[in-house]
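Visitor: Just so you know, the protein sequences line up as chains A and B, in that order.
Residue numbering for the first sequence follows the numbering used here, starting at 2 and increasing by one per position.
Residue numbering for the second sequence follows the numbering used here, starting at 166 and increasing by one per position.
We put the CB at the ideal spot given by N, CA and C, even for glycine.
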Amino acid sequence: MAEIRLQNVWKLFGKTIAVRDLTLTINDGEFLVLLGPSGCGKTTTLRCIAGLEVPDRGRIIIGNRDVTDLPPARRGIAMVFQSYAVFPHMTVFENIAFGLRVRKFSEAEIQKRVREAAELLQIEELLQRYPAQLSGGQRQRVAVARAIVMRPEVLLMDEPLSNLDALLRLHMRAELKRLHLEIKSTTVYVTHDQVEALSLGDRIAVMKDGQIIQCDVPEKVYAEPENMFVGSFIGSPPMNFLQGKVTMADRAVAVEMNGVRLTLPPGFEKLGERAGSQIIVGIRPENIEILREARENAIPAQVIVIEPIGFQRLLTLQALGATLKATTQADVTLAPGEQVWLRFDLQKIRMMDPKTGKAIPCRHPDG
Amino acid sequence: MTVNPIRLRLIGIYLSMALIGAWVLAPLLLVTFATFTPPPELYRWPKPFLPSRFSTETLAFFLTTEGVLHSTVTSLLVGVLTIVLAMAIGAPAGYAMARFSFWGKEGFRLAILVTRMFPVAILAIPLAVSFIRIGLYDTPLGVAIAHTALALPIVILITTSVFLGVPRDLEEAAITLGCSRFQAFLKVVLPLALPGLAAAGMFTFVLSWNEVFAATILTVQNRTLPALVVYLLGLSPLNFRFAGGFFMVLPALVVMFVIRKYLTHLWGITIR
């Protein structure tokens, strides 16, 4: 099939830099998610791969073929648009058959392939209908069928689920994952929804200001964000960030936050080099344990708001002069205003440099 | 008793609407009544408001008048030629305005309208002279060219709005499915734009059908219908005038009714 290589791609719109010196290799058969806030250049990157935009600099290689100067038709790609872009003047059948007809496939082959694609997306009964008679979810399926019927080497999807309601989105998400396992096209998927990215991607490329900040498997991107932006963009609620200062006492590294000392376990020795300097401690809400009484290395806090969110509770807490979010089991009884103590799972905290916002490597990879 | 001020406002709005409507419609109505009135009744005093019986004699008299048939054919011919020319030039311009951003786009948009600033009266004489030189004088094509110039600004504005109404995504989807830009236009954009383009065409036709000044100056033998009617107006009896007016207004009324939907977004505001 096809590997996609983006080499130092630049794209400018007037004076705005949409994509800045982007280099990325997407493996054959991989499901790669481009994730980022609106205006981060993710859609432009996708459109450059599609050939709908021509990069100002850099090369795009699909399966060992330099396609930078080729029109979309000759790149072996198919694309699913955010608006579905289903042709309103054609039946579902003709929509799905469109690409095959343009490429002059035989009628028998067209019939066969359209039926196959329709079956894969469970829209066989809709083939004779017009798009106006379909629901949003059904149109979405038509758009996907129309793309995969081409058996593209590369399947591009631009926020395909963002126009669906929440329940349908959840359903289609799983469908797309199943589909990818069946058709095995190299897939590039653009979204601003971090949950979608985490659930779908083999790898996630987090983008900001036209650049890739971090590109890794979902588990890594979630647990070990490369910088504060990634930590705050991925996860709901996002990672907590606390200001502190590195101190050394009895050869143990500690972080002093608003007068409270947090002694770090073995493995953080390397951080000792930074003794005396400011640091930011990042911790995910689920890695904070709520205690009812003071313990060693626990941080006093006050409960501000309690939000039940089904199987969990989302707590807003005041601690160390900052506001924190933490999640607990739903059966823990707490009241607003209550005094509690927080114990951080110190294996899962992430240290950041306050100036650059970047993560500081301070532990061994296995630590 | 107190009157709800909102209701009072509403009454005011409707009243003024009725007034403006009547200003335009009352003469049309009177002309229509007169057209279907038997000729002797037209000269009676006082003239009855409603005809005593439905009669097509007046209309028949107009249509059988020497030259009317020939002029009608000329008018149709000029109208069709104008549609062809105006669409051939205007639709691509509208497409470009809707799809591309290019240097001087806003200037171009303004320049389109500026062409309408010059009164036809100023343009007509030099035009007639030029046409005589190149042999277009007194031909349907000559009149059609002049009408095309008049129609183009509106045609470009309408077609811009029509093409804006066809989502760019559809065109791009066709391109990613293997179409060239031109194929995508033919297979996707054109079928979807067709109703709107037809409206622009009809509008052009009405403009040409009703245009008097250029047509009068640029023709002698091959007069279009309005040119002929204007020429004969002073010399003709009442029934000719009424029937002529009715006959001239009819296509415009029908066309306006059909295309009114497209005229509401004449200014190229995207409709989704």
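Per DSSP, what kind of secondary structure is P309 of chain A in: helix, strand or coil?
Guide: strand
Visitor: Distance check for T334 of chain A and L316 of chain A, CA to CA, integer angstroms please.
Guide: When the Cα atoms are used, L316 of chain A and T334 of chain A turn out to be separated by approximately 12 Å.
Visitor: On the CB-based measure, 16 or more other CB atoms within 10 Å of its CB, does I223 of chain A come out buried or exposed?
Guide: First, the residue type needs correcting, since residue 223 of chain A is Tyr and not Ile in the sequence shown. Burial call: buried.
Visitor: Just the C-alpha distance for V189 of chain B and L335 of chain B, rounded to the nearest angstrom, thanks.
Guide: 42 Å
Visitor: Between the region 245 to 263 of chain A and the region 216 to 234 of chain A, do at least 3 Cβ pairs fall closer than 8 Å?
Guide: no
Visitor: Quick check for students: name the residue ranges of the alpha helix (DSSP H) that lie wholly in the region 159 to 184 of chain A, counting only runs of 4 or more.
Guide: 167 to 184
Visitor: In terms of residue numbering, what span does the alpha helix (DSSP H) encompassing I350 of chain A cover?
Guide: Taken as a continuous stretch (DSSP letters only), I350 of chain A belongs to no alpha helix (DSSP H), as it is neither H nor E.
Visitor: Find the nearest neighbour of F32 of chain A within the set A:P89, A:L182, A:I63, judged by alpha-carbon distance.
Guide: A:L182
Visitor: Whose CA, out of A:E308, A:A51, A:I214, A:A253, lies closest to the CA of K326 of chain A?
Guide: A:E308
Visitor: How big is the Cα-Cα spacing for A144 of chain A and F201 of chain B?
Guide: Going by the C-alpha atoms only, they are around 57 Å apart.
Visitor: Counting C-beta neighbours from all protein chains within 10 Å, is the total for D159 of chain A 16 or more, i.e. buried, or is it exposed?
Guide: buried
Visitor: Smallest Cα separation from L398 of chain B: which of B:I310, B:E271, B:V233, B:L250?
Guide: B:V233
Visitor: Any idea what DSSP makes of N169 of chain B, helix, strand or coil?
Guide: coil
Visitor: Give every residue of the same chain whose Cβ lies closer than 7 Å to the Cβ of R60 of chain A, excluding the five residues on either side of it in the sequence, and list them in chain order.
Guide: Q8, D67, T69
Visitor: Is the beta carbon of L165 of chain A sitting closer than 7 Å to the one on G138 of chain A?
Guide: yes
Visitor: Candidates A:T248, A:I361, A:I63: which alpha carbon is nearest G277 of chain A's?
Guide: The shortest C-alpha separation from G277 of chain A is found at A:T248.
Visitor: From Q244 of chain A to R174 of chain A, what distance separates their C-alpha atoms?
Guide: 38 Å
Visitor: Along the chain, where does the beta strand (DSSP E) that runs through L35 of chain A open and close?
Guide: The continuous beta strand (DSSP E) containing L35 of chain A extends over residues 32 to 36.
Visitor: Restricting to runs no shorter than 4 residues, where is the alpha helix (DSSP H) found entirely within the region 90 to 125 of chain A?
Guide: 93 to 103, 108 to 121
Visitor: Grab me the residues of R262 of chain A's own chain with a C-beta within less than 6 Å of its C-beta, minus the 5 sequence neighbours each way, in chain order.
Guide: A255
Visitor: Considering just the uninterrupted stretch of the alpha helix (DSSP H) at N375 of chain B, what are its terminal residues?
Guide: 355 to 375
Visitor: From I5 of chain A to I213 of chain A, what does the alpha carbon distance come to, in whole angstroms?
Guide: Distance between the alpha carbons of I5 of chain A and I213 of chain A is about 16 Å.
Visitor: Applying the criterion that 16 or more other CB atoms from any shown protein chain within 10 Å of the CB defines a buried residue, is K16 of chain A buried or exposed?
Guide: exposed
Visitor: Which residue comes first and which comes last in the beta strand (DSSP E) that contains C216 of chain A?
Guide: 212 to 217
Visitor: Secondary structure at T357 of chain A, three-state DSSP: helix, strand or coil?
Guide: coil
Visitor: Sort out for me which residues DSSP pairs G245 of chain A with in a bridge.
Guide: A:I280
Visitor: What do you get for S240 of chain B, buried or exposed, if any count of 16 or more other CB atoms within 10 angstroms of its CB means buried?
Guide: With 16 or more Cβ atoms within 10 Å of its Cβ, S240 of chain B is classed as buried.
Visitor: Indicate whether A119 of chain A and E125 of chain A have their beta-carbon atoms separated by less than 7 Å.
Guide: yes
Visitor: What residues of chain A sit near V353 of chain B, judged by a beta carbon separation below 7 Å?
Guide: F88
Visitor: Which residues of the region 325 to 339 of chain B have a Cβ closer than 8 Å to any Cβ of chain A? Give them in chain order.
Guide: P332, D334, L335, E337, A338, A339
Visitor: Does any C-beta atom of chain B lie closer than 7 Å to the C-beta of F14 of chain A?
Guide: no
Visitor: Report buried or exposed for M352 of chain A, applying the criterion of at least 16 other Cβ atoms within 10 angstroms of its Cβ.
Guide: buried
Visitor: Out of B:L288, B:W374, B:Q386, which one is the CA nearest neighbour of Y302 of chain B?
Guide: Looking from the CA of Y302 of chain B, the closest CA among B:L288, B:W374, B:Q386 belongs to B:Q386.
Visitor: With distance defined between alpha-carbon atoms, name the residue in A:V191, A:A320, A:K105 nearest to T45 of chain A.
Guide: A:V191
Visitor: Compile a chain-ordered list of the residues in the region 25 to 49 of chain A whose CB is closer than 7 Å to at least one CB of chain B.
Guide: Cβ proximity to chain B below 7 Å picks out nothing from the region 25 to 49 of chain A.
Visitor: Going by DSSP, what residue range makes up the alpha helix (DSSP H) through L325 of chain A?
Guide: Looking at the DSSP string, L325 of chain A is not in any alpha helix (DSSP H); the run it does join, the beta strand (DSSP E), is 323 to 330.
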